[in-house]
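Undergrad:
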Amino acid sequence: MELAINCQGLIKRFGSYTAVEGVTFQLPAGSIMGFVGPNGAGKTTTIRMLCGVLMPTEGQATVLGYDVRTHPEEIKQRIGYMSQKFSLYDDLTVQENIDFYAGVYNLRGAEAAERKRSVVERIGLEGRLPQLVHSLSGGWKQRVALACALLHAPRLIVLDEPTAGVDPVSRRVFWQIIRQLRAEGMTILVSTHYMDEADTCDFLGFVFYGRLIAFGTPAEMKARENKASLDDLFIYFVEREAADDPRNAGIKGGRR
Ligand SMILES: Nc1ncnc2c1ncn2[C@@H]1O[C@H](COP(=O)(O)OP(=O)(O)OP(=O)(O)O)[C@@H](O)[C@H]1O
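Counting from 1215, one number per residue, gives the positions in the sequence shown under this note's numbering.
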């Protein structure tokens, strides 16, 4: 089985603070993995290490077969990354943003024209190209950002809370595009706070206080803890982990 991501004991410390503490998982190529956990749990820090932009303090990870420590540039060239803030230029049009990112990815001439045409059609941006980005709704901005992340035909895309604050119809369209990309063989790592989105992923990782406390398919995870829904599972994990946190010592309802 080809692995898109293989990480073992990934640790990131900022000074004396440990943001990510020994994250280990294997993600098969061509699957969607949801990354779930409370604010500040360490999802973005883990994602940034896997994208080759942040050096791990300890541990190993290969992404698309490249080591994050020794070959971060190879990883950056082969993945698409959509950060929480979307990184679009508000005062440029959709077309100008796409042109700009094609340049960032060193696409030139006929190849650039073909890649732009392909992503514009795939994401359905034909009617929006002359529009200034600041005049777009959140849902359309998100689709433009995804288009930019796909320009260089990456084999893995990493999406950090892509649907935060986006309306339900736009969320649904976005996920239809994500599943279509997966059907074409792409691997997708996506962090989300929406449990309905998490439930449709092939694999899920639950992150709490920097640790990956559970990894598996949504069905396996629910069955393991005997929970009917991911909402129930998430609340169960939050309560259990909070009871384990020494800062909450003395609060009633310790770990069972
Ligand atoms: N460069 C940094 N220096 C110091 N601390 C940092 C740095 N980056 C992140 N942290 C801390 O690491 C912890 C994990 O942050 P991270 O952004 O990875 O969490 P997250 O799970 O992505 O949260 P959210 O859902 O809010 O995006 C937080 O306490 C954060 O303040």
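Cβ atoms here follow ideal geometry from the backbone N, Cα and C, with glycine treated the same way.
What residue range is occupied by the uninterrupted alpha helix (DSSP H) comprising K1330?
TA: Taking the first residue of the sequence shown as 1, we reach residue 1330 at position 116. From DSSP, the alpha helix (DSSP H) with K1330 extends over G1323 to I1337.
Undergrad: At which residue ranges does the segment 1414-1454 contain complete alpha helix (DSSP H) runs of 4 or more residues, listed in the order of the chain?
TA: Listed in chain order, the complete alpha helix (DSSP H) runs (minimum 4 residues) inside the segment 1414-1454 are 1432-1438.
Undergrad: With a 10 Å radius around its C-beta and 16 neighbouring C-beta atoms as the bar for buried, classify D1374 as buried or exposed.
TA: Against the sequence shown, residue 1374 aligns to sequence position 160. It counts as buried.
Undergrad: Check whether the Cβ of V1421 sits closer than 7 angstroms to any heavy atom of ligand 1, and report yes or no.
TA: Residue 1421 sits at position 207 when you count from the first residue of the sequence shown. Yes; taking the cut-off as 7 angstroms, the Cβ of V1421 has a heavy atom of ligand 1 nearer than that.
Undergrad: Can you give the Cα-Cα distance for G1279 and A1378, rounded to whole angstroms?
TA: Along the sequence shown, one-based indexing puts residue 1279 at 65. Along the sequence shown, one-based indexing puts residue 1378 at 164. Taking the straight line joining both Cα atoms gives about 30 angstroms.
Undergrad: P1242 bridges to which residues according to DSSP?
TA: Stepping through the sequence shown from its first residue, residue 1242 is reached at position 28. BP columns for P1242 point to L1217.
Undergrad: Whose CB is closer than 5 angstroms to a heavy atom of ligand 1? List the residues in chain order.
TA: Cβ atoms closer than 5 angstroms to ligand 1 belong to F1228, A1233, N1253, G1254, A1255, G1256, K1257, T1258 and T1259.
Undergrad: Roughly how many whole angstroms lie between the Cα atoms of K1466 and M1263?
TA: On the sequence shown, position 252 is the one that residue 1466 refers to. On the sequence shown, position 49 is the one that residue 1263 refers to. Low confidence applies here, because K1466 scores a pLDDT of 47, under 50, leaving its location unreliable; read the following figure in that light. If you take the alpha carbons of K1466 and M1263, they lie about 37 angstroms apart.
Undergrad: Can you find at least 3 beta carbon pairs, one from the segment 1443-1459 and one from the segment 1280-1298, that sit closer than 8 angstroms?
TA: The segment 1443-1459, when compared against the segment 1280-1298, does not touch it at the 8 angstroms Cβ threshold.
Undergrad: Please state whether DSSP places A1233 in a helix, a strand or coil.
TA: Here the question's residue 1233 lines up with position 19 in the sequence shown. If DSSP states are grouped into helix, strand and coil, A1233 belongs with the strands.
Undergrad: Do you know how far the Cα of V1347 is from the Cα of K1355?
TA: Reading the sequence shown from its first residue, position 141 is the one you call residue 1355. Reading the sequence shown from its first residue, position 133 is the one you call residue 1347. In a straight line, the C-alpha of K1355 is about 7 angstroms away from that of V1347.
Undergrad: Please determine if the segment 1310-1322 and the segment 1387-1395 are in contact, where contact requires at least 3 C-beta pairs separated by less than 8 angstroms.
TA: With a cut-off of 8 angstroms, the segment 1387-1395 and the segment 1310-1322 do not count as touching, because too few Cβ pairs lie within range.
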